[in-house]
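Please read the structure below before turning to the comments.
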Amino acid sequence: VQLQASGGGLVQAGGSLRLSCAASGIISSMYVMGWYRQAPGKQRELVAVISSGRSTNYAGSVKGRFTISRDNAKNTVYLQMNSLQPEDTAVYYCNLKALTIDYWGQGTLVTVSS
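Written out as structure tokens, the structure reads:
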């Protein structure tokens, strides 16, 4: 399984970005996909996850600002990020959980300037 993330970049506070992550090499949609992030000097943390049935879970810090969605036909997960703040600056990693196995994308940098 390979995960290819895209969509990061530099944005001003209050702006928006949309991240995408496409999974290849997987033959079933029965998996959880999500986004995690790691800011400099901090541990990686959950941002949002979505199940195959489209149940979602968000970190409290992004609830109401970020929206996770998925297209099972394309094996792709999206993260729409609105009202971005400098504290959202981090490397964002795409994750896929299939049974007990975790797969990670290469990370995409999101920088929010004040």
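Letter by letter, the sequence shown follows residues 522 to 635 in this note's numbering. Even glycine gets a Cβ: it sits at the ideal position worked out from N, Cα and C. Computed from a predicted structure; not experimentally measured.
Residues near residue i by beta carbon distance below 7 Å, same chain, minus five either side
i      : result
Thr632 : Leu531, Thr610
Local Cβ density within 10 Å of residue i, reported as buried at 16 or more and exposed below that
i      : result
Thr621 : exposed
Gly555 : buried
Arg575 : exposed
Ala534 : exposed
Cβ shell of residue i (< 6 Å), same chain only, five flanking positions each side left out
i      : result
Thr588 : Gln601
Ser590 : Tyr599
Asn603 : Ser537, Arg586
Residue i at chain B interface by Cβ criterion, 8 Å
i      : result
Arg575 : The structure shown contains no chain B, having only a single protein chain.
Spatially closest choice to residue i from the options, by CA coordinates
i      : options                        : result
Asp623 : Val553, Ser527, Gln525         : Val553
Ile547 : Tyr614, Lys595, Leu630         : Lys595
Gln564 : Gly585, Tyr613, Ser634, Arg586 : Tyr613
CB-CB length for residue i against residue j, believed under 8 Å
i      : j      : result
Asn593 : Ser550 : 4 Å
Ala544 : Val522 : 6 Å
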